[in-house]
Amino acid sequence: MSDQSSSSRPAKRFTALEASNLIKHWIDQSDVELDNESSDVEFPQPVDESSSDEERVRSLPPAKRKTLTNSAMATQENSDAEAPRNVTLASPNVSASSTSTTSSTRQNDSRGQWRGITEGRTRSRFLFKPPCPAGVTEHLDVSTTLKSFNVLFDGDIKEYLLNQINDFAKMKCQQNTPASKHSIYGRWKDVTSLELDKFFAVLINMGIHKKPSIRHFWCQAPDMHTPWFGHMFSRNRFQDIYHTMLHAAGDEAEGKDKIEPFINLVLEKCRAAFYPYENLSLDEMVIGFKGRWQYKQFNAQKPKKYHIKTFGLCDAATGYVVNLLVYFGRDTSYNPELDADSGHAARATTFFADRYYTTRVLLDHLLQQETYFTGTLNLNRKDFPPQLRVHTVNHLEMKWYMHETDRILCVAFKDKKAKKEVIVVSTHAEVATVPTKKGIIKPAVIDSYNQSMNGCDLLDQKVGYYGIHCRKSIKWWKKIFLWMFEIVQVNSYIIYLLSSGKKNGLHDFKRQLLNQLTEASAQELVSTKYTLQPEASHWQFTDNRHLITYRKQDLRWAFCSPPSKPKRTHFYCSGCPNNPHLHPQCFAPYHLKP
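Quick note on numbering: the sequence shown equals residues 805 to 1398 in my numbering.
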């Protein structure tokens, strides 16, 4: 199948099984897949003839399950000799009186029993022991913004990009021989290392100073002119590199091979420079994209309805990206050999994830690896407290359930703003509450989840401030390339702050970075035949209406008054539209300025 499908219909979402396997691969180097028990109840499952009626009812589709339940209820009303079948757990329509007996006893699932509790905690006790000190790797020189950037975007990546850019351009030049008059391959010159640094500086500045299109950065109109871009590149040369560079792969690469090698190379550098702290958050991160691509996703509830989906693993405290995976449908793959140096999570690491990833098999696997998990839960997931499906949680009420092994704790809580109760399951929690700022009491495990689940959200927030990846593009790999370039900048910003102890904002960091990149390549600054100057303004000397005029009220000089020591004058120009106040000595320089 081609990269750009003939239909723009979004691709199918991941199943819970596939999502759980992603977490497993990130912490374990083995290739053993999780079994089908981690799937949702909604997926058809084979039913054993010897299984209980309750399990058989749960395995049926919702429509048949409802029909069977109603039939059982009718049988119960018409017959006093036969005891009622225990099918109440599968239907929320059963009255409270019929479930009072089962709700007060310990109820079973296929992986053990659950009981209601009012105190206690999980019994697992793992001590956090990272293989190296958590945080920025020791002996790294990140004293300046440029050095912190070069740690993640080092010479290996730049050499890789240079080779791919020039090789791809040579191939296109051969295909377009003889080249047309305005073809970029008719005037192509190989990109140098210093020129590549300038190119990155221009990309950073384009994210800071946003304009409607690429050509507007070289516009010479007075209201749009920005001479800095003209000094760095001519417009044609920048566009030549821009359209050639973003194919960051081999000449004949197709599909995910166009961008995945570059992503793996960047992530390898990111993991080598920083080891995460105790808490990690796992969530999806989206890249807005409206072009045609077979794996494009659609979600009407997201700000970017059409998007490229990625799954990110971030440090919960800083938002530093440790790993990520781009969704390529069935072609989505993870090679544990690429993470041979960091395939295992540290002992006692806590993963925070939403209900999309929470499955019982995943929790058991993480406990075997001596790592914790905390996440929200869907009611239709198998092997979790069946009491949750029949018990109603009232406003500000908490209900706690502990597994018979005392290793998994589940809590249901309903806030006044929520239509449904929030269910959180954790392998490292206790029955405890904390007050909110408004005095509302809520479970401590939910408060911990809210504080630690925002790692990926922190990254999305920082990437969106000054990102050039938000520009429209019909090529999906260009979107991903520019998004990865923003992630490199945010990661380098985080390690710079952690190492230097400074509190610079991301805007200041980017400005310092682009200035240091241009200083390193100052000798490569463009020298054009024509000086890039703005067009003549309408207030300059175009007629004889400009006269020096005196008025009683003095105002600040409009031209050459220094900010530190402002000066005032009674003279102004009567011919200019805004009648600027000008000192007689500044009258001519003001009107003759370019």
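Idealized CB from N, CA, C, for every residue including glycine.
Check                                                                                                                                                                                   : Outcome
Give every residue of the same chain whose Cβ lies closer than 8 Å to the Cβ of Asn970, excluding the five residues on either side of it in the sequence, and list them in chain order. : Asp994, Val995
Taking C-beta to C-beta, are Thr1237 and Ile1245 nearer than 7 Å?                                                                                                                       : yes
By the 10 Å Cβ neighbour count, where 16 or more other Cβ atoms means buried, how is Tyr1300 classified, buried or exposed?                                                             : buried
Quick check on the DSSP output: the alpha helix (DSSP H) that includes Asn980 runs from which residue to which?                                                                         : Here Asn980 belongs to no alpha helix (DSSP H), and DSSP marks it neither H nor E.
In whole angstroms, what separates the C-alpha of His1385 from that of Thr1373?                                                                                                         : 7 Å
Mind checking whether Asn954 and Leu1318 have CB atoms under 7 Å apart?                                                                                                                 : no
When you compare only the Cα positions, how much space is there between Leu1000 and Gly990?                                                                                             : 20 Å
Please state whether DSSP places Thr1153 in a helix, a strand or coil.                                                                                                                  : coil
Leu1084 and Thr1153 look like a contact to me (Cβ under 8 Å); what is the Cβ gap, rounded to whole Å?                                                                                   : 6 Å
Once DSSP output is grouped into helix, strand and coil, what is the label at Gln1320?                                                                                                  : helix
Take Ala1005 and list the residues in its own chain whose beta-carbon comes closer than 6 Å to its own, dropping the five residues that flank it on each side.                          : Leu1318, Leu1321, Thr1322
Let me make sure I understand the geometry here. Which of Ser1252, Val1126, Trp1287 has the alpha-carbon closest to that of Ala1077?                                                    : Val1126
For the alpha helix (DSSP H) containing Val1194, name the first residue and the last one.                                                                                               : No alpha helix (DSSP H) contains Val1194, which DSSP labels as neither H nor E.
For Val946, report the span of its beta strand (DSSP E) as first-last.                                                                                                                  : That residue, Val946, is in no beta strand (DSSP E); it is neither H nor E in DSSP.
Do you know how far the Cα of Ser928 is from the Cα of Val1194?                                                                                                                         : 29 Å
For a test of the three-state rule: what should DSSP assign to Asn1400, helix, strand or coil?                                                                                          : With the chain covering 805 to 1398 only, the question about residue 1400 has no answer from this structure.
Per DSSP, which one or two residues make a beta bridge with Tyr1079?                                                                                                                    : Gly939
Apply the 10 Å Cβ neighbour rule to Ile1352 and answer buried if 16 or more other Cβ atoms are within range, or exposed otherwise.                                                      : exposed
Going by Cα to Cα distance, which pick from Leu1071, His1350, Tyr1099 is closest to Gly1379?                                                                                            : His1350
Tell me which same chain residues have a C-beta within less than 8 Å of the C-beta of Gln1389, skipping the five on either side of it?                                                  : none
For Ser1085, does the three-state DSSP call read helix, strand or coil?                                                                                                                 : strand
Does the segment 940-950 come close enough to the segment 1022-1032 to have 3 or more Cβ pairs within less than 8 Å?                                                                    : no
Applying the 10 Å Cβ sphere with the 16-neighbour rule, what's the burial state of Thr1196?                                                                                             : exposed
When you compare each of Lys1356, Ala1324, Val1294 to Thr1122 by their alpha carbons, which one comes out closest?                                                                      : Val1294
Where does Cys1364 land, buried or exposed, given buried means 16+ other C-beta within 10 angstroms?                                                                                    : exposed
Under a three-way DSSP split, which group does Phe1313 fall into?                                                                                                                       : helix
By Cβ distance below 7 Å, which residues in the same chain neighbour His1047 in space, the five residues on each side in sequence not counted?                                          : Ile988
Of all the alpha helix (DSSP H) runs that stay within the bounds of the segment 1266-1317, which reach a length of 4 or more residues?                                                  : 1280-1304
Which term fits Lys1282, buried or exposed, when burial requires 16 or more other beta carbons within 10 angstroms of its beta carbon?                                                  : buried
At what residues does the alpha helix (DSSP H) containing Asn1254 begin and finish?                                                                                                     : 1248-1256
Within the same chain, show all residues whose beta-carbon is closer than 6 Å to that of Phe930, passing over the 5 residues directly before and after it, in chain order.              : Arg1151, Ala1152, Glu1174
I'd like the span of the alpha helix (DSSP H) that includes Ala1216, first residue to last.                                                                                             : First-last for Ala1216: 1213-1217, but that is the beta strand (DSSP E), not the alpha helix (DSSP H).
I need the straight-line Cα distance from His1387 to Tyr1354, nearest angstrom please.                                                                                                  : 11 Å
Buried or exposed for Thr922, please, with buried defined as at least 16 other CB atoms from any protein chain shown within 10 angstroms of its CB.                                     : exposed
With a threshold of 8 Å on Cβ separation, who are the neighbours of Tyr1131 within its own chain once the five nearest residues in sequence on each side are excluded?                  : Ala815, Phe818, Tyr1099, Gln1101, Ile1112, Lys1113, Thr1114, Phe1115
Can you give me the C-alpha to C-alpha distance between Phe1391 and Phe1375, rounded to a whole angstrom?                                                                               : 10 Å
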